[in-house]
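In the numbering used here, each residue carries its 1-based index in the sequence shown increased by 48.
Ideal Cβ positions, reconstructed from N, Cα and C, are used throughout, including at glycine.
Scroll down for the structure; my scribbles are underneath it.
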Amino acid sequence: MKCKFCNKEAEVTIRYPRMHLCENHFKEYCENRVKNVIDKHRLIEKDEKLLVAVSGGKDSLVLAYILNKLGYEFEGLHIDLGIEDYSEMCKKSSKKIFSEIGLPLHIVKIKKLLGRGIGEVKTRRPVCSYCGLTKRYIMNKFAYDNGFTAVATGHNLDDESAFVFSNILHWNIDYLSKQGPLLEAEDKFVKKIKPLYELRDKEISLYASFAKIEHVTKKCKYARGATSIKYKKFLDILEKDNPGIKLNFIRGFLRNRKIFKKKDFELRECEICRMPSQGKRCAFCRFWRLKEPLMFQ
Ligand SMILES: [Zn+2]
Ligand SMILES: [Zn+2]
């Protein structure tokens, strides 16, 4: 089989839109996909001060790599979760890619900052749940404190379609109203963008191997059994018989998103950290029992 765009032997078959591609044209296809999402949804404005959050996994590292290739300027943020060897590996791969692309990477260590790592807190709350809360808060506060105007994350088509699907199943109207590749800035919440919104999990893995991007493939030990995995598997079954169903589902969702009305919370300031909060103290300061606002040195 020949590549759709050149005479080389095809290495990859994409099922939707159906085409056979050589290694170089496959990489170009992925980069164009990212560029199209950025342009179509106007994710990155001129003079944007962009922070790219990297975990050490394939998605965020491919994101940093492609954004750099497309000529965007940015800085990276890696949050060291303090989960033994796993976090060490994640930090190593994040550092490696940033030294290769020659852009600055900030590292925030949870254990140093909060006294305990993820998984070391005595609580009834599931680890993934407070890990998510902690990461989201730190990403936003770090960006806000340092004057960044946007935070990019590596969420991909499989993550996003599974997330929207599960929220429709549970009719979480408020979540649905806020989902998409772009979440505008509001109050002290910095703009959030997801440039890999239309790239599949498998495409990103393949891109990472073609571009020789070293990344952590091991799953975090706390992520096993996460419910999102079930929804992903279910959508994979559908996608197998109906190539393109995820992409069409997510695009249709974006076209119709306005039917989900946003709940208007009255936001006030957390009395500890002064970030937006629904109660007297924000969920982050409450969970970590902070008495002083979190400061990055
Ligand atoms: Zn080709
Ligand atoms: Zn707070």
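Across the set LEU129, VAL82 and ILE155, the C-alpha of VAL82 shows the shortest separation from the C-alpha of LEU111. When beta bridges are read from the DSSP output, GLU57 appears opposite LYS50. Using a Cβ distance threshold of 9 Å, HIS203 and LEU244 count as a contacting pair. PRO229 is bridged by DSSP to nothing; it lacks a bridge partner. Per the C-alpha coordinates, the member of GLY150, GLY167 and ASP222 positioned closest to ILE158 is GLY167. A residue is called buried when at least 16 other Cβ atoms come within 10 angstroms of its Cβ; LEU342 meets this threshold and is buried. By the criterion of a C-beta distance shorter than 6 Å, THR197 is surrounded in its chain by GLU96 and LYS97, once the five residues flanking it on both sides are discounted. Closest by C-alpha distance to GLY165, out of ILE285, ARG299 and TYR270, is TYR270.
Positions of the beta strand (DSSP E) runs, each at least 3 residues long and wholly inside the stretch 188-223, are given as 198-200 in order along the chain. Straight across, the Cα-Cα distance linking PHE53 with ASP207 is about 30 Å. Put simply, of HIS68, ASP235, LEU283 and GLU57 the residue whose alpha carbon is nearest the alpha carbon of GLU314 is ASP235.
Around the Cβ of ASN55, a 10 Å sphere holds fewer than 16 other Cβ atoms; the residue is exposed. DSSP, reduced to helix, strand and coil, places PHE237 within a strand of the structure shown.
MET187 sits buried, since 16 or more C-beta atoms from the chains shown fall within 10 Å of its C-beta.
In the three-state reduction of the DSSP assignment, ARG303 falls in the helix class, which pools H, G and I. Its chain contains ILE131 and TYR134 as the residues whose beta carbon lies nearer than 7 Å to that of CYS268, once the 5 sequence neighbours on both sides are disregarded; these appear in chain order. Within the stretch 64-123, complete alpha helix (DSSP H) segments of at least 4 residues are found at 71-88 and 106-117, given in chain order. DSSP lists no bridge partner for VAL175. If you ignore the 5 residues before and after LYS117, its C-beta comes within less than 7 Å of the C-beta of GLU79, all in its own chain and listed in chain order. In the pairwise beta carbon analysis, the stretch 136-146 is classified as not touching the stretch 270-289: fewer than three pairs are separated by under 8 Å. Look at ARG184: its beta carbon is at least 8 Å from all of the heavy atoms in ligand 2. As the crow flies, the alpha-carbon of CYS70 is around 5 Å from that of GLU59.
Closest in alpha carbon position to ALA256, among ASN304, VAL85, ILE145 and GLY119, is ILE145.
Going by DSSP, ILE155 is part of the beta strand (DSSP E) stretching over 153-157. Just so you know, the alpha carbons of ALA101 and TRP219 end up roughly 29 Å apart.
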